[in-house]
Every structure is written in C-alpha cells, then in structure tokens.
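J.: Got a structure here, written out as structure tokens. Questions coming.
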C-alpha cells in the first residue's frame with residue numbers, strides 16, 4: 007500500500023498570536039502534483055512552512071511519508087524550493103549552493119565525494135546552468151537564481167518536491183523550462199506540492215488544486231484525464247472536478 | 002632576524018599565526034550571519050573575565066574563555082527566543098562586560114594600564130601556559146570551522162533550507178557563537194580584545210573581493226589573516242607599539258588594496274541580457290479599480306517579455322487578479 011507523502015489533518019497555525027490557518031486538511035498522494043492556490047495573505051506560504059516544520063502548528067496533525075512531523079527524519083526524501091534565497095556571501099558560487107543540497111544524506115566531517123560531485127554537475131546541467139556553475143549566485147538573474155534553487159532541491163533525488171512560488175519574477179520561457187523539468191521528474195514518480203500564484207505553464211501537470219482563502223480551504227478540485235472520445239490518436243482531455251464546495255466562514 | 006631567537010617573540014609569533022588563521026575562519030560564518038559586531042561584543046564580555054581573574058588572582062585566559070563562552074551562549078539564546086533584538090543584546094554585552102571588567106580590575110587594585118595589555122595585545126605577555134591553551138583551543142576551533150564548513154555554510158546561507166535538510170540549526174548557531182567566543186579570548190594576547198573583531202571581519206571582506214567561491218573565500222581570508230598577524234607582530238616589535246593596532250591597520254590596508262580587484266571584476270562582468278534582468282520582487286500594488294490595457298490612458302513601457310503601465314510614477318504589470326510593482 008502506498009503512503010501519502012503529505013497528510014495535513016485539521017491543522018491550525020497562529021503567527022505572533024494571530025490565527026493564519028484554521029482547520030486546514032489536504033493530502034498529497036504518491037506521484038501526485040498538488041497546487042496550493044489563493045490570494046495574497048491567504049496562508050499558502052505559512053501552510054507549506056508548517057508542512058515542513060518551519061512554523062509550529064497549534065492543532066491538528068501533519069505527517070510526511072506516514073511519519074508524524076515531529077518524528078520525521080528522512081529529510082533527503084524532501085526537496086524544498088523557497089521563494090527566495092538570501093545568500094549574504096556574495097562570492098558563493100552556484101556549484102557550492104547546489105552542493106549544500108546533499109547535506110541531508112552526508113555524515114559530519116566527510117567530503118563531497120566523486121559520486122555526489124557528479125550528481126551536483128548533473129542537476130546543474132538539467133536546469134541549464136552548466137556554463138554558470140562557477141559563477142557567483144548573486145550575479146545571476148532572477149530566473150537563473152530560481153533554477154539554482156530548484157537544482158539544490160533536486161540534488162538529493164527527493165520523492166517529494168515542495169516549491170513556494172517558484173515562478174515569481176521568472177519570465178515565461180524560463181517558467182516553461184522549469185515546468186518541463188518538474189514534469190519529467192514527476193513522470194518518474196516524484197510528488198510535488200507547489201504554492202502558485204497562478205497555474206499558467208504549470209497547469210498541465212496539476213492533479214489537484216487546493217484553494218486557500220483567509221486561512222481556510224475554500225475549494226479543492228481534482229483534475230481527471232480522459233482519452234479523447236475513446237480514440238487513441240486524439241490527445242487526452244483533462245477536466246476539473248470540484249470535490250469540495252466553498253464553505254461559508256464562521 | 003635575531004628577533005626570532007627571542008623566546009617571547011617566538012611565543013608571540015606562534016600565537017599570532019594561530020589567531021591569524023582562526024579569527025577569519027570563524028569570522029566567515031559570523032559575517033555571513035550578519036553579526037559582524039558579535040566579536041566586538043564578545044571582546045567586551047571577555048574583559049569581564051579578565052577583571053574576574055585579576056580579582057581572584059587566577060590566570061586571565063582560562064577565566065576569560067569560560068566567561069566569554071557563557072556570555073555567547075546567553076546572547077544566542079536571547080536572540081533565538083526573540084527576547085532581545087540583536088542590537089540591544091549586543092549593547093548589553095558591550096557595556097555590561099566592559100563596565101564589570103573595569104570595576105573588578107579596579108577592585109583588584111589594577112588600573113586601566115594592566116587591562117590595556119589585554120585590550121590591544123602585548124608581545125611580552127604571552128606565557129608558555131597561555132600558548133598551550135591558545136594552541137589547543139585554536140586547533141579545536143580550526144578543525145570545527147573547516148571540518149564542519151558544509152554544515153555551517155548551509156546554516157548561515159539559508160536557515161530554513163538547512164532545517165529542511167534535517168540539520169540541527171540551533172546547535173550549529175550555538176556552535177558558531179561559542180567558537181567565536183573562544184577565538185576572541187585566545188586572541189587577546191596578540192590582537193587584543195577590542196581589536197580582535199577586526200581580524201574576524203576585515204580579512205573575510207578582503208578575501209571576498211579577491212576570491213570567487215565560499216571555500217576559496219575561507220582559505221583566502223585565513224591566508225590574509227595570518228599574513229597581517231605575522232607582519233603586525235614584527236612591525237609591533239620594531240615600532241614599539243601594541244601588536245593589535247599594527248595588525249588591524251595592516252588588515253585595513255589589505256582591504257583597501259583589494260578594491261581595485263573588485264572594480265576590475267565589476268567592469269569585466271558580462272552585461273545581463275534582456276532575459277537576465279535582475280530578480281523582480283513580487284510586490285503587489287495597492288488595490289486600484291482601474292484596469293490597465295491598450296488605450297487605457299497610461300504610458301506603456303516594454304519590460305522583457307511583457308509591458309508595464311506607468312501609473313502615477315510606478316510601473317504596474319498584471320499578475321493574476323492584481324497588479325505588481327515592476
């Protein structure tokens with residue numbers, strides 16, 4: 007039986023005493039791409055931060071790969087792409103930053119090693135930045151920096167990729183390129199939880215959307231794929247089915 | 002070079018070499034965490050340790066190490082729990098440490114003259130037992146700073162990402178301030194407690210101007226640190242001035258020399274192409290009823306793959322159900 011990479015059950019979160027999320031539930035099943043949508047201040051970023059244990063939750067349960075968050079230790083199974091990286095050492099290179107993604111599976115006082123070094127080069131190549139591998143991260147454009155953050159998250163070959171607005175400030179062609187990359191990894195079985203402002207280029211990959219409004223789940227939809235009129239030659243048709251209606255607020 | 006045959010100079014040189022290597026190594030992480038003044042605050046705490054040692058008639062170095070480490074742990078816990086803002090916490094360190102140190106030294110019948118040996122360094126004051134302590138602690142700090150470099154780098158570069166890697170961020174943050182505290186106190190015989198922070202920060206800044214990459218930056222800073230420390234010890238001997246001041250002036254000189262390298266690099270960096278415009282912040286505009294579009298009355302400016310509308314001096318671009326500032 008497969009275990010859902012993410013299960014969020016009736017979770018509430020407060021920041022500085024202010025309720026930000028209330029009674030939120032959703033799951034990311036194995037191999038599924040889930041998009042978290044919602045306007046500014048709806049609680050999307052707080053929700054992914056709570057899922058990753060970066061902010062504490064007051065009530066409810068969060069489990070990762072079947073293990074309660076507090077006991078979870080297999081962090082190499084998770085790749086995280088934050089909205090922005092603040093790298094204060096302006097000489098830090100792309101290769102160094104991506105290499106730091108290997109630390110979840112590295113012992114203390116050990117060197118990077120040949121296999122991991124090759125893996126770092128491989129993911130840098132996959133995001134199309136081989137020519138920039140030894141350049142300073144801070145000198146890259148916004149889209150290139152985003153690609154570095156995705157490479158850093160992918161270097162440990164995670165089973166779950168969590169992305170927080172990966173396309174913010176990224177031009178359309180780079181968005182398409184990043185989306186294609188995530189799509190190919192998803193085809194290999196990787197699950198994805200992505201906070202998105204708009205689905206746009208990512209839309210074809212999405213299996214389920216969870217829409218947040220004022221800290222609650224306002225709607226949840228699943229995307230179902232059908233073969234077009236039963237003819238194999240026709241492209242499959244994707245339809246969206248609402249599985250949870252907008253609920254009135256208390 | 003008869004000067005090298007002098008026993009006190011040999012001890013001072015060994016201490017300076019260790020300090021020159023260790024201070025920039027740990028300083029790299031301190032700078033990266035934007036706590037450049039931490040070393041200064043810890044130096045002041047260490048003065049309290051020196052005062053306590055003078056008052057109790059014990060050896061200053063071990064007492065200063067213990068007091069400074071305790072102060073460092075306290076300040077990190079305060080910072081972590083948000084009980085005190087970083088600058089307020091550092092101010093408490095600065096003035097509390099300095100005042101209590103001077104107070105205790107005075108009560109012990111020692112004047113500011115005795116304390117100044119610890120504040121600005123003194124070649125003749127490095128004893129054999131001091132050297133043993135400086136050697137053991139210096140090597141320990143160096144092993145941690147270099148051996149744990151990947152973990153410390155990850156924690157300093159991006160704390161959230163480090164947490165998701167499963168790293169014990171809190172423990173590493175504590176380790177950094179403890180290593181900084183040990184470094185500050187072991188440097189008090191050579192650079193002095195008031196100037197050691199400069200040796201933790203300036204070679205790091207210089208190295209970043211010259212070398213590319215974090216690792217190269219660490220080793221570069223250590224190279225610069227040890228060079229100015231050794232030169233400063235000799236300069237101090239011949240000029241008969243405190244070594245700390247000489248070392249720091251040399252470090253600042255090296256930093257000034259590194260500026261042309263930075264300027265040259267900036268001039269020779271390839272210009273960003275249109276699709277490489279800097280990161281666009283996601284900054285929504287205040288809500289407005291007006292809908293931008295062709296012929297809406299606002300000036301249109303091309304921006305990469307889209308157009309911005311100039312609205313009351315701001316450039317707006319449509320994003321989902323709102324507009325962003327560009």
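Chains as they are written, first to last, in the working numbering: chain A, 7 to 256; chain B, 2 to 327. The beta-carbon is built from N, C-alpha and C at its ideal position, and this holds for glycine as well. Owing to the predicted nature of the structure, the values given are computational and were not obtained by experimental measurement.
(1) Looking at the unbroken beta strand (DSSP E) that takes in residue 32(A), where does it start and where does it end?
(2) Against chain A, with Cβ distances strictly below 7 Å, would residue 243(B) count as a contact?
(3) Measuring only the C-alpha atoms, how far is residue 236(B) from residue 246(B)?
(4) Just curious, the beta strand (DSSP E) that residue 215(A) is in, first and last residue?
(5) Could you confirm whether any beta carbon from chain B is found closer than 7 Å to the beta carbon of residue 5(A)?
(6) Check whether chain A comes within 7 Å of residue 164(B), counting only Cβ atoms and requiring the distance to be less than that.
(7) Run through DSSP, which three-state label would residue 19(A) get?
(8) To the nearest angstrom, how far is the alpha carbon of residue 2(B) from that of residue 232(B)?
(9) List the residues of chain A whose Cβ lies closer than 8 Å to the Cβ of residue 215(B), in chain order.
(10) Locate the alpha helix (DSSP H) running through residue 168(A), then write down its first and last residues.
(11) Quick check for students: name the residue ranges of the alpha helix (DSSP H) that lie wholly in the stretch 36-60 of chain B, counting only runs of 4 or more.
(12) Going by C-alpha distance, which of 187(A), 152(A), 22(A) and 170(A) is nearest residue 176(A)?
(13) With a Cβ-Cβ cutoff of 7 Å, do residue 41(B) and residue 208(B) count as a contact?
(14) Please specify which runs of the beta strand (DSSP E), each continuous and at least 3 residues long, are wholly inside the stretch 77-121 of chain B, giving them in chain order.
(15) Buried or exposed: which applies to residue 25(A), given that a residue is buried once 16 or more other Cβ atoms fall within 10 Å of its Cβ?
(16) Among the residues of its own chain, which have a CB less than 8 Å from the CB of residue 297(B), if the five just before and after it don't count?
(17) With distances taken from CA atoms, which of 112(B), 123(B) and 44(B) is nearest residue 241(B)?
(18) Quick one: is residue 257(B) near chain A, going by C-beta distance under 7 Å?
(19) Give the DSSP-derived three-state secondary structure of residue 131(A) in the structure shown.
(20) Using DSSP with H/G/I as helix, E/B as strand and the rest coil, what is residue 88(A)?
(21) Do you know how far the Cα of residue 214(A) is from the Cα of residue 45(A)?
(22) Taking the beta carbon of residue 125(A) as the centre, do at least 16 other beta carbons fall within 10 Å, making it buried, or is it exposed?
(23) Mind listing the chain A neighbours of residue 168(B)? Cutoff is C-beta to C-beta under 9 Å, in chain order.
(24) Suppose only complete runs of 3+ residues qualify. What are the beta strand (DSSP E) ranges in the stretch 54-79 of chain A, listed by chain order?
(25) Would you mind giving the Cβ-Cβ distance between residue 100(A) and residue 139(A), rounded to the nearest angstrom? I have them listed as a contact below 8 Å.
(26) Spell out the partners DSSP gives residue 206(A) in its beta bridges.
(27) What residue range is occupied by the uninterrupted alpha helix (DSSP H) comprising residue 294(B)?
(28) Within the same chain, show all residues whose beta-carbon is closer than 8 Å to that of residue 272(B), passing over the 5 residues directly before and after it, in chain order.
(29) Counting pairs of beta carbons, one from the stretch 108-116 of chain B and one from the stretch 63-82 of chain B, are three or more of them closer than 8 Å?
(30) When you compare only the Cα positions, how much space is there between residue 151(B) and residue 312(B)?
(31) Of the residues 120(A), 36(A), 83(A) and 143(A), which one's Cα is nearest the Cα of residue 214(B)?
(32) Find out if the Cβ-Cβ distance for the pair residue 121(B), residue 243(B) is shorter than 7 Å.
(33) Could you tell me the alpha carbon to alpha carbon distance between residue 217(A) and residue 114(A), rounded to whole angstroms?
(34) Tell me whether residue 282(B) sits in a helix, a strand or coil according to DSSP, three-state version.
(35) Return helix, strand or coil for residue 123(A), following the three-state DSSP convention.
(36) Going by Cα to Cα distance, which pick from 223(A), 220(A) and 211(A) is closest to residue 230(A)?
T.: Quick answer:
(1) For residue 32(A), the uninterrupted beta strand (DSSP E) segment begins and ends at 24-34.
(2) Taking 7 Å as the threshold, the shortest C-beta distance from residue 243(B) to chain A does not fall below it.
(3) Distance between the alpha carbons of residue 236(B) and residue 246(B): 10 Å.
(4) 214-219 is the span of the beta strand (DSSP E), which, as asked, contains residue 215(A).
(5) Because chain A here runs from 7 to 256, residue 5(A) falls outside it and cannot be looked at.
(6) Yes - at least one Cβ of chain A is within 7 Å of the one on residue 164(B).
(7) Strand at residue 19(A).
(8) Each residue's alpha carbon lies about 13 Å from the other.
(9) Near residue 215(B) (Cβ distances below 8 Å), the residues of chain A are 95, 97, 98, 99 and 102.
(10) Note, residue 168(A): premise wrong, no alpha helix (DSSP H); beta strand (DSSP E) at 166-170.
(11) 39-57, all fully within the stretch 36-60 of chain B.
(12) The residue with the shortest Cα to Cα distance from residue 176(A) is 152(A).
(13) Result no, Cβ atoms of residue 41(B) and residue 208(B) do not sit closer than 7 Å.
(14) Taking 3 residues as the shortest admissible run, the stretch 77-121 of chain B contains no complete beta strand (DSSP E) segment at all.
(15) Here residue 25(A) is exposed: its Cβ has fewer than 16 other Cβ atoms, across all protein chains shown, within 10 Å.
(16) Correct list, in chain order: 291 and 310.
(17) Residue 123(B) is the option with its Cα nearest to residue 241(B).
(18) With 7 Å as the cut-off, residue 257(B) does not count as an interface residue toward chain A.
(19) Three-state DSSP puts residue 131(A) in a helix.
(20) Coil, per DSSP.
(21) Here the alpha carbon of residue 45(A) sits roughly 17 Å from the alpha carbon of residue 214(A).
(22) Of the other Cβ atoms in all chains shown, 16 or more fall within 10 Å of the Cβ of residue 125(A); this residue is therefore buried.
(23) Residues of chain A whose Cβ lies closer than 9 Å to the Cβ of residue 168(B) are, in chain order, 81, 109 and 110.
(24) Segments of the beta strand (DSSP E) lying fully in the stretch 54-79 of chain A: 65-70.
(25) Residue 100(A) to residue 139(A), Cβ: 5 Å. Contact.
(26) Bridge pairing for residue 206(A): absent [DSSP].
(27) Counting along the chain, residue 294(B) falls outside any alpha helix (DSSP H), and DSSP gives it neither H nor E.
(28) Low confidence applies here, because residue 272(B) scores a pLDDT of 49, under 50, leaving its location unreliable; read the following figure in that light. Around residue 272(B): no qualifying Cβ.
(29) These segments do not touch.
(30) Spanning the alpha carbons of residue 151(B) and residue 312(B) requires a straight line of approximately 47 Å.
(31) Cα-wise, what sits closest to residue 214(B) is 143(A).
(32) For residue 121(B) and residue 243(B), yes; Cβs fall inside 7 Å.
(33) Taking the straight line from one Cα to the other gives about 41 Å.
(34) Confidence at residue 282(B) is low in this model, with a pLDDT of 45, below 50, so the placement of that residue should be treated as unreliable; the coordinate-derived value is given next. Three-state result, residue 282(B): coil.
(35) DSSP places residue 123(A) in helix when its eight states are reduced to three.
(36) Closest by alpha carbon: 211(A).
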